[in-house]
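Trainee: Structure in structure tokens, see below.
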Amino acid sequence: MAEQIPLCPVRSAAAAANCKRAAYFSAAGPGPGAERPSRYQLEDESAHLDEMPLMMSEEGFENDESDYHKLPRARIMRRKRGLEWFVCGGWKFLCTSCCDWLINICQRKRELKARTVWLGYPEKCEEKHPRNSIKNQKYNVFTFIPGVLYEQFKFFLNLYFLVVSCSQFVPALKIGYLYTYWAPLGFVLAVTIMREATDEFRRFQRDKEVNSQLYSKLTVRGKVQVKSSDIQVGDLIIVEKNQRIPSDMVFLRTSEKAGSCFIRTDQLDGETDWKLRVAVSCTQRLPALGDLFSINAYVYAQKPQLDIHSFEGTFTRVGLLDLELNQLTKALFLALVALSVVMVTLQGFSGAWYRSLFRFLLLFSYIIPISLRVNLDMGKAAYGWMIMKDENIPGTVVRTSTIPEELGRLVYLLTDKTGTLTRNEMVFKRLHLGTVSYGTDTMDEIQNHLVNSYSQMQSQASGNNASSAPPRKAQSSAPKVRKSVSSRVHEAVKAVALCHNVTPVYEARSAAGETEFAEADQDFSDDNRTYQASSPDEVALVQWTESVGLTLVNRDLTSMQLRTPGGQILTYCILQTFPFTSESKRMGVIVRDESTAEITFYMKGADVAMSTVVQYNDWLEEECGNMAREGLRTLVVAKRALTEEQYQDFESRYNQAKLSIHDRTLKVAAVVESLEREMELLCLTGVEDQLQADVRPTLEMLRNAGIKIWMLTGDKLETATCIAKSSHLVSRTQDTHVFRPVTSRGEAHLELNAFRRKHDCALVISGDSLEVCLKYYEHEFVELACQCPAVVCCRCAPTQKAHIVKLLQQHTGRRTCAIGDGGNDVSMIQAADCGIGIEGKEGRQASLAADFSVPQFKHIGRLLMVHGRSSYKRSAALSQFVMHRGLIISTMQAVFSSIFYFASVPLYQGFLMVGYATVYTMFPVFSLVLDQDVKPEMAMLYPELYKDLTKGRSLSCKTFLVWVLISIYQGGILMSGALVLFESEFVHVVAISFTALVLTELLMVALTVRTWHWLMAVAELLSLGCYVASLAFLNKYFDVAFITTVTFVWKVSAITVVSCLPLYVLKYLKRKLSPPSYSKLSS
């Protein structure tokens, strides 16, 4: 960063300071693809469809490559034209386009440009920058009420009842009291507003917690504490050790003399490795911190570039159940209109028939239950409360209370690797020398060999000193002799202890910031030492050498020091360092032993890269395969002894190659490769990336539940494959197809053909190859990948992760869930239908942006198998029962109007309608949120039960039609039975039918329940008690003298039995003849 932004001195008397660019206007520098178009953009919009078959021979690619760029990457449907297009959604497209145009006019984005920032003086900035704050809120004070109302009335159900309620202000259309329509609608809106306000307040509290973190700001008067949200562009901020970097920053100065500092980029790319950064040289050389204000300098930064630093804004999620219910509501509305038209037709269209039509629409409006939304919303709130109160998954937080039932319908689970499946804590597990292997239980033998070897060397050195023998230089032509096990172990451990890029770090005794350079006041004891490196594997290897007795105690750019088991300090001069690259897959170092003047070239790397540079052996390939099957990350270690003449020759050629103007990289690589020949194979190491607790059984449970798991990681291919095997994401019996790197359409075509021939194998593909496949063969690739039991995508960028989620949603139509723990997973989490964040080492950004937050990956099993399954089945039963409650009373109204000459007169008025939808039936119906078909333990033990939910059979057209038929049957029986059994007065019809209706609803709830809870019984008795008690006050609607007679009781009982008993018999026969999958478990 510092190299890309010039630090410019000026001659004026203005003060100067550091620059901090706000997080949402970061200038990260032009990336490798800054000027490229979108990766997935079609090359030619006017091109015809791609009709080329995927399975074709290699001869098919002898054509000109330019022909391929004329073909789009996916098959698209032909657009509809004219009136058909307008009716089938064109009107919505036109309205959306107009709204977007108006918004763009009102909110024009200002042009981004380069900036000049004065160090330490934010007030000198020429333009206004956004605040350095994180915002996950959906609304503000002004948009809350309009936003919530829009979110509610965009659903057809609520919009319909708004129109119906408004119609009651027209005298000719009024058929009852205003409160019978406005009271339920107001109650629904009040509950929704309170729920949204609660969620919004929680989001506000989380944002406030993050934005209120304190940092030290350097001013002319000294240090002051400022909140993260109050940091401005141009401020000088002091970041302490283990403190999060609050925004984009230019690294000006550090307490380390060389100006180096190790940082983590886990919030950007998900990698928790330590990366070395060097401060700006001119500010690092200043004697004291206060001198930053004595220089005259400013930063000229280029214009902001598109990056992954910004997370302002959240997605408004709507569950699939809500969308399905919205479609069923539209079907009910069509039935309502059809029934009203039939009634007017039978009436003969006499008189003002259109007024009668509208009155029938109002009379039958209970077909569409307004209480459906409020019952579902309250149910979702109850599900969220149950999840957070579950003692088996402590720490789980429900951040979005609108989609808990989505957890019960997942088909694809997309997960990050580092910090999600693994702890990112490497542990040394195996050392193999070819003829002997050492594991965790035999590390003491290595320690004994090392002690003996260094003891012999020290005694020999003492003898040489007594005889005044000069140190002998390495002789490459020395005869080869068979080494002892102790010497081989010693050479291997020493190579591991020297060949790395690890730096030991010691804590200062004094408080941070009290001294400018604290190296002189440091504690160099073993307890105070920590290791920092760009890879956790490197740290694990150095920690292992320390555990067996060979300790790295110091390192700088030119030397490193090791301490032997006997306490002797060995100093090695670092002559050359060859860092690890993804192309070479190996790293090396040339060191000179100060005590013997021996020069040795050490190198380690992946087996595929090292197998060609080491001497012939017959065990390396086999042992690498064995360790990989155990889930270990392997490294091959080798060495080559150099004479002084050989090294001088190499150094001259190496320096000359680095000065080349043309093909410098190739020439440098060629010189280094001249050393990588016939190297002596020392050992093979195995390091394990420790998995999160219970990852293996959790993944197996999800796989048995029919959930396909995709692992999307930014790690390299070898590491991702290793973790996929060790975590049992890919079972040991399954083959793994590693997608070869492809760069063109032809290569992608051939590789897809090869992949198509594989069956039941996991796919491993890199991000670059994935990009090429999606560019030319999106549909074909997704189709093939979805057939795999598991998919591993490595080297994935954050935007690529989100794109994969959207592809699965578009091509499969199934529900997706994304799980991650870092800032680089936020885009994937927000793109999925359901996002789960894990609070780990990579911060809280993923958990704050997710719908659900869990402390460990293992909790996902219970979250899905128990709570997800129960939430979906309960919501399905609740919604269908609420619709049944409205259909049955509308059926009774239809029968009543038909018998009385199709008159548009209401059967029940006033409080009867309000009471029926609330106090008389609300509590028993809502108690269905406590129902369960199997116990949680059984749901965890048999995850196969989860498979049935993904097909959506709990709420489908079939189940909906069944409930419609039940409603028609019961409504017809109740109304016709009351008309047949009443004697003289019409008020008796109302009393008999309404009482039978209430009892039928209570019995239907009891008939639906599968596992009784004590609250269910209380709800039934409470509702029945409320109705019986209210009869004394309903003399306006009922004949009080009649309802106390035996005649009333037996008539109501007879009608109720006829309406419910056949349904109970049918249910009993169905359970006997075709029992559900859970019946055997529940019994």
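So the sequence shown is numbered by numbering that gives the first Met the number 0: it starts at 0 and just counts up by one. Note that the Cβ used here is the ideal one computed from N, Cα and C, for glycine as well. On a predicted model such as this, the values are computed, not experimentally measured, just so you know.
Just reading off the beta strand (DSSP E) that residue 237 is part of, what are its end residues?
Mentor: Start and end: 235 to 237.
Trainee: Just the C-alpha distance for residue 161 and residue 184, rounded to the nearest angstrom, thanks.
Mentor: Residue 161 and residue 184: Cα-Cα distance of roughly 7 Å.
Trainee: Residue 215 lies in the beta strand (DSSP E); which residues open and close that run?
Mentor: That run of the beta strand (DSSP E) goes 213 to 218.
Trainee: Pull up the distance between the alpha-carbon of residue 731 and that of residue 692, whole angstroms please.
Mentor: Taking the straight line joining both Cα atoms gives about 20 Å.
Trainee: Should residue 244 and residue 216 be called a contact, given that it needs their Cβ atoms to be closer than 8 Å?
Mentor: Taking 8 Å as the Cβ cut-off, residue 244 and residue 216 do not qualify as a contacting pair.
Trainee: Taking all protein chains shown into account, do 16 or more other C-beta atoms lie within 10 angstroms of the C-beta of residue 1061, making it buried, or fewer, making it exposed?
Mentor: Per the 10 Å Cβ criterion, exposed.
Trainee: Under 8 Å, with one C-beta from each stretch per pair, do the segment 723 to 730 and the segment 656 to 676 reach the 3-pair mark?
Mentor: Touching, no.
Trainee: Return the residue from the list 392, 601, 401, 592 that minimises the CA-CA distance to residue 491.
Mentor: Comparing Cα positions, the closest option is 601.
Trainee: With 16 other CB atoms within 10 Å as the buried threshold, where does residue 61 fall?
Mentor: Only weak support exists for where residue 61 lies, its pLDDT of 36 falling under 50; the coordinates are left without a value.
Trainee: Determine which residues share a DSSP beta bridge with residue 679 and list them.
Mentor: Paired residues: 638.
Trainee: Using the three-state DSSP reduction, which class does residue 712 fall into: helix, strand or coil?
Mentor: Of the three classes helix, strand and coil, the one that applies to residue 712 here is coil, per DSSP.
Trainee: Quick one, are the C-beta atoms of residue 603 and residue 585 less than 8 Å apart?
Mentor: The answer is yes: Cβ separation under 8 Å.
Trainee: DSSP beta-bridge partners for residue 300?
Mentor: In the DSSP output, where bridge partners are listed per residue, residue 300 has 114.
Trainee: Do you know offhand how far residue 707's Cα is from residue 376's?
Mentor: Those two C-alpha atoms are separated by around 30 Å.
Trainee: Apply the 10 Å Cβ neighbour rule to residue 191 and answer buried if 16 or more other Cβ atoms are within range, or exposed otherwise.
Mentor: Residue 191 comes out buried.
Trainee: Pull up the CB-CB distance for residue 999 and residue 876, whole angstroms please, since I reckon it's below 8 Å.
Mentor: About 17 Å separates the two Cβ atoms, so there is no contact after all.
Trainee: Could you tell me the distance, in whole angstroms, from the CA atom of residue 987 to the CA atom of residue 943?
Mentor: Rounded to whole angstroms, residue 987 to residue 943 spans 53 Å at the Cα level.
Trainee: By how many angstroms is the C-alpha of residue 1044 removed from the C-alpha of residue 927?
Mentor: Taking the straight line joining both Cα atoms gives about 34 Å.
Trainee: For residue 808, name the three-state secondary structure that DSSP assigns.
Mentor: Helix at residue 808.
Trainee: Between which two residues does the alpha helix (DSSP H) holding residue 353 run?
Mentor: Residues 352 to 362.
Trainee: Under the DSSP definition of a beta bridge, which residues are partnered with residue 274?
Mentor: BP columns for residue 274 point to 262.
Trainee: The beta strand (DSSP E) with residue 852 in it runs from where to where?
Mentor: Counting along the chain, the beta strand (DSSP E) containing residue 852 begins and ends at 851 to 853.
Trainee: Would you decide whether residue 779 is buried or exposed? Buried here means 16 or more other CB atoms lie within 10 Å of its CB.
Mentor: With 16 or more Cβ atoms within 10 Å of its Cβ, residue 779 is classed as buried.
Trainee: Name the DSSP bridge partner or partners of residue 503?
Mentor: DSSP, once it has assigned bridges, lists 530 as partnering residue 503.
Trainee: Report yes or no: do the segment 885 to 895 and the segment 363 to 371 share at least 3 C-beta pairs separated by less than 8 Å?
Mentor: Counting Cβ pairs under 8 Å, three or more are found: they touch.
Trainee: Tell me whether the segment 389 to 401 and the segment 693 to 702 touch, counting them as touching only if at least three CB pairs, one residue from each stretch, are closer than 8 Å.
Mentor: Short answer: they don't touch.
Trainee: In three-state DSSP terms, what is residue 313?
Mentor: Here the model assigns residue 313 a pLDDT of 32, short of 50, so the residue's position is not dependable, and the following value carries that caveat. Residue 313 falls in the coil class under three-state DSSP.
Trainee: DSSP three-state label for residue 489, please.
Mentor: Correct three-state label for residue 489: helix.
Trainee: Under a three-way DSSP split, which group does residue 761 fall into?
Mentor: Strand, per DSSP.
Trainee: When burial is assigned at 16 or more other CB atoms within 10 Å of the CB, is residue 1066 buried or exposed?
Mentor: Residue 1066 comes out exposed.
Trainee: I'd like to know if the segment 804 to 823 and the segment 408 to 420 are in contact, where contact means that at least 3 CB-CB pairs between them fall below 8 Å.
Mentor: Segments in contact, yes.
Trainee: Grouping DSSP H, G and I as helix and E and B as strand, with all else coil, what is residue 1002?
Mentor: Residue state, collapsed to three classes: helix.
Trainee: I'd like the span of the beta strand (DSSP E) that includes residue 1059, first residue to last.
Mentor: Where residue 1059 is concerned, there is no enclosing beta strand (DSSP E), although the alpha helix (DSSP H) it sits in stretches over 1045 to 1072.
Trainee: Would you call residue 900 buried or exposed, if buried means 16 or more other Cβ atoms sit within 10 Å of its Cβ?
Mentor: Answer is exposed; the Cβ neighbour count stays below 16.
Trainee: Per DSSP, residue 138 is paired with what?
Mentor: Paired residues: none, contrary to the question.
Trainee: Are residue 945 and residue 868 closer than 8 Å when you measure CB to CB?
Mentor: Yes, the Cβ-Cβ distance between residue 945 and residue 868 is below 8 Å.
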